[in-house]
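K.L.:
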Amino acid sequence: MSAVLNYEPFVVSPRRGPPRLSPIQEEVLALKKERNAVILAHNYQVEAIQDVADFVGDSLGLSYRAQAVKSDVILFCGVHFMAETAKIVNPQRTVLLPDRNAGCSLSDSCPADRLAAYKRENPGLYVVAYINCSAGVKALSDVICTSGNAVKIVSRVPDDREILFVPDQNLGQWVSKKANRRMRLWPGSCYAHVQFTVEAIEKVRARFPEAPVVAHPECVQTVRDLADEVCSTELMIKFSREHPASHIIVVTESGMLHRLRREVPEKSFIAGPTDSCACNDCRFMKLNTIEKVRDALKTLLPAIEVPEPTRSAALLPIQRMLDWSK
Ligand code: 13P
Ligand code: SF4
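Under the numbering used here, the first residue of the sequence shown carries the number 1, and numbering increases by one thereafter.
What follows is the structure, given as C-alpha cells:
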C-alpha cells in the first residue's frame with residue numbers, strides 16, 4: 001500500500017478563546033430573542049451556526065432537548081428527519097429547518113410504503129428503526145434508536161422477537177455484534193460515511209502514527225474494524241477528552257471537528273479522509289447556512305409539519321426509546 005497522499009490532511013488545531021461573532025451572527029441572536037426561539041444544531045453544522053446555537057449535539061441529545069423546549073419556535077439546524085422528530089415530540093412549537101431540501105440519503109433508502117409491504121409479507125417482526133428515517137417509517141416501528149443508544153435499545157427487545165433493523169445496514173451490523181443479537185438488516189446506508197476507506201485512513205495514520213482513530217458506526221465494517229473506538233458523534237467528545245493522545249483522527253462528517261475543537265480545545269483533530277478528499281461533508285447538512293438561519297427567523301419559514309395520525313403513531317416508538325435510554 002502506498003503512503004503517498006494526493007491531498008494534505010485536514011487538521012484543526014487547538015482553539016484559542018471564544019469566537020468573535022460576525023454581524024450576521026449578531027443579527028441571528030437578536031432575531032432569536034425577538035421570535036422567542038431556540039436554536040438546536042447538530043454536530044455536523046458549519047461553525048458559524050454552531051457558534052450561535054443554544055445547544056449542539058447528536059441525534060439523541062437533540063431529541064431530549066427538542067422535547068423540553070418551552071419557547072415558541074425551534075429552529076432546527078440539521079436535516080429533515082431531525083426537525084420532523086422535534087415536531088413529533090413537541091407539536092405545539094413552530095419547528096423551522098433552514099433549508100427544506102436538507103434531506104438524508106439513509107432516510108431515503110427506506111420509504112414507508114416499502115417497509116409497510118415488507119412487514120405485510122413478513123408478519124411478526126419487531127422493527128427497530130434508526131432515528132435517520134421519515135415520520136412514516138417511525139410510525140411503522142416498535143422502537144427508535146440513535147447511534148448513541150442503539151446497543152442498549154436492541155438489548156431490551158424481548159428475546160422471543162425477531163428484529164428487523166432499518167434503515168442502516170452498517171449501524172445494524174455493528175449493533176448486532178455488540179448486542180450479540182441476530183437481526184434482519186434493511187439494505188440502506190449513508191452515502192457520506194461509506195466513502196471512508198481503510199486505505200485513505202492508513203495513509204493519514206502514517207503521518208500521525210500516535211493518533212487514535214474514532215469512527216462513526218455508519219462507516220463500513222473494514223473501517224470500523226481498524227478504529228480504536230466506534231461511537232456516536234457525542235461520545236466522540238468523551239473519547240477525545242479521555243484519550244491521552246494530542247492528535248485524534250475523526251472518521252465522520254467534518255462539522256464534528258468544530259464541535260470537538262470547542263469542547264476539547266487543547267487537542268488537534270484530523271478529519272477522516274476518503275480516497276479523493278482530505279475530509280468528508282454531508283451535502284444535506286451543509287445546505288444550511290448562517291444566511292438561511294437568519295432568513296428562517298425573519299420569515300418563520302420553512303416550517304415542518306407532520307400530519308396528525310402519523311405524528312401520534314411515530315411518537316410512541318420515540319417515547320419508548322427516550323424511556324429505555326434514560
Ligand atoms: P449522531 O446521532 O451520532 O450524531 O449521527 C447522526 C447522523 O446523521 C450521522 O450521519
Ligand atoms: Fe444522512 Fe449521512 Fe448526512 Fe447523516 S451524514 S444526515 S446519515 S446523509
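Just so you know, even glycine gets a beta-carbon here, dropped at the ideal spot from N, CA and C.
For R161, which of helix, strand or coil comes out of DSSP?
P.N.:
Note: R161 maps to coil in three-state DSSP.
K.L.:
Quick check on R224: buried or exposed, where buried means 16 or more other Cβ atoms within 10 Å of its Cβ?
P.N.:
Result: buried.
K.L.:
Near M285, what residues of its chain come up, given a Cβ to Cβ distance below 8 Å and the 5 sequence neighbours on each side ignored?
P.N.:
Hits under 8 Å: H42, Y44, Q45, G78, V79, A102, E253, G255.
K.L.:
Kindly provide the ranges of any alpha helix (DSSP H) runs that are 4 or more residues long and lie completely inside the stretch 200–280, ordered along the chain.
P.N.:
Entirely contained in the stretch 200–280, the alpha helix (DSSP H) runs reaching 4 residues are, in chain order, 221–226, 233–242, 256–263.
K.L.:
Kindly confirm or deny that the stretch 158–169 and the stretch 182–192 touch, where touching means at least three C-beta pairs closer than 8 Å.
P.N.:
Counting Cβ pairs under 8 Å, three or more are found: they touch.
K.L.:
Can you tell which of I88, I39, E47, E84 has the C-alpha that lies nearest to the C-alpha of S71?
P.N.:
Nearest option by C-alpha distance: I39.
K.L.:
I'd like to confirm something about N132: is its beta-carbon nearer than 6 Å to some heavy atom of the ligand SF4, or not?
P.N.:
Yes, Cβ of N132 sits closer than 6 Å to a heavy atom of the ligand SF4.
K.L.:
Report all residues from its chain with a CB closer than 6 Å to the CB of R35; omit the five preceding and five following residues, and keep chain order.
P.N.:
If we look at R35 and ignore the five residues flanking it on each side, its Cβ neighbours are V73, L297.
K.L.:
Relative to the ligand 13P, what is the chain-ordered list of residues with a Cβ closer than 5 Å to any of its non-hydrogen atoms?
P.N.:
So the residues near the ligand 13P by this Cβ test are D58, S59, T146, S147, S232, T233.
K.L.:
What residues are listed by DSSP as bridge partners for A129?
P.N.:
DSSP, once it has assigned bridges, lists I144, V166 as partnering A129.
K.L.:
For L40, report the span of its alpha helix (DSSP H) as first-last.
P.N.:
Taken as a continuous stretch (DSSP letters only), L40 belongs to no alpha helix (DSSP H), being part of the beta strand (DSSP E) at 37–42.
K.L.:
Would you check if the stretch 311–323 and the stretch 84–101 touch, i.e. whether three or more CB-CB distances between them fall below 8 Å?
P.N.:
Short answer: they touch.
K.L.:
When DSSP labels each residue in this structure, what does L171 get in the three-state scheme?
P.N.:
Of the three classes helix, strand and coil, the one that applies to L171 here is helix, per DSSP.
K.L.:
Return the CA-CA distance between M1 and E266, expressed in angstroms with no decimal places.
P.N.:
A caution first: M1 carries a pLDDT of 40, below 50, which makes its placement in the model too unreliable to give a value.
K.L.:
Please state whether the Cβ-Cβ distance between V137 and I163 is less than 7 Å.
P.N.:
Contact: no.
K.L.:
Where does the unbroken beta strand (DSSP E) through G57 begin, and where does it stop?
P.N.:
From DSSP, the beta strand (DSSP E) with G57 extends over 55–57.
K.L.:
If V214 and E199 are in contact, beta carbons under 8 Å, what's the gap, nearest whole angstrom?
P.N.:
Contact doesn't hold; Cβ gap of about 18 Å is too wide.
K.L.:
From the DSSP output, in three-state form, read off S13 for me.
P.N.:
DSSP places S13 in coil when its eight states are reduced to three.
K.L.:
May I have all residues whose beta carbon comes closer than 7 Å to any heavy atom of the ligand SF4, sorted in chain order?
P.N.:
Cβ atoms closer than 7 Å to the ligand SF4 belong to Y44, V79, C104, S105, L106, S107, N132, C190, Y191, A192, H193, E218, E253, C282, F284, M285.
K.L.:
Within the same chain, show all residues whose beta-carbon is closer than 6 Å to that of V12, passing over the 5 residues directly before and after it, in chain order.
P.N.:
Taken in chain order, the residues that qualify are L257, R261, F269.
K.L.:
If we count the other Cβ atoms within 10 Å of its Cβ and call it buried at 16 or more, is E218 buried or exposed?
P.N.:
E218 should be labelled buried.
K.L.:
Given a cut-off of 7 Å, decide if V56 and L29 are closer than it, judged by their beta-carbon atoms.
P.N.:
For L29 and V56, no; Cβs fall outside 7 Å.
K.L.:
Whole angstroms are fine: how far does the CA of V293 sit from the CA of E22?
P.N.:
The sequence as given places Ser at residue 22; Glu does not occur at that position. C-alpha separation (whole angstroms): 14 Å.
K.L.:
Spell out the partners DSSP gives M183 in its beta bridges.
P.N.:
In the DSSP output, where bridge partners are listed per residue, M183 has I163.
K.L.:
Tell me which residue opens and which closes the alpha helix (DSSP H) that L21 is part of.
P.N.:
That residue, L21, is in no alpha helix (DSSP H); it is neither H nor E in DSSP.
K.L.:
Could you check what DSSP says for F284 in three-state terms: helix, strand or coil?
P.N.:
Correct three-state label for F284: coil.
K.L.:
Under DSSP, the alpha helix (DSSP H) around V154 begins and ends at which residues?
P.N.:
Per DSSP, V154 belongs to the alpha helix (DSSP H) from 150–155.
K.L.:
Can S325 and N180 be called in contact, C-beta distance under 7 Å?
P.N.:
Contact flag unset, no.
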